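Residue numbers (the working numbering): 34 to 106. Here a beta-carbon is modelled for each residue, glycine too, at the ideal position from N, C-alpha and C. What you are looking at is a predicted structure, and each value in this text was computed from that prediction instead of being measured. Working notes for the structure below.
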């Protein structure tokens, strides 16, 4: 499983307005914290904007993203 998939799953399970949701990917060894979840304005209904950190062997990264439902759930 990719880090992107783990992050998107964590964002999807979190409530809008939630903060400090930890995530970890045992497959890659990466981990981080979802710092913010907002209603997404980009993409179809159900999308959520988020801010997360990502700690890996390459170092720490902080980025913004948008996670949308896949339609598989």
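In this model, residue 86 and residue 103 are separated by some 23 Å (Cα to Cα).
Shortest Cα-Cα distance from residue 39 to any of 49, 61 and 72 involves 61. The C-beta distance from residue 57 to residue 51 rounds to 17 Å, too long to meet the 8 Å contact threshold. For residue 42, the enclosing alpha helix (DSSP H) stretches over residues 36–46.
In the DSSP annotation of this structure, the continuous segment of the beta strand (DSSP E) that includes residue 85 starts and ends at 81–89.
Residue 100 and residue 53 have their alpha carbons spaced roughly 17 Å apart.
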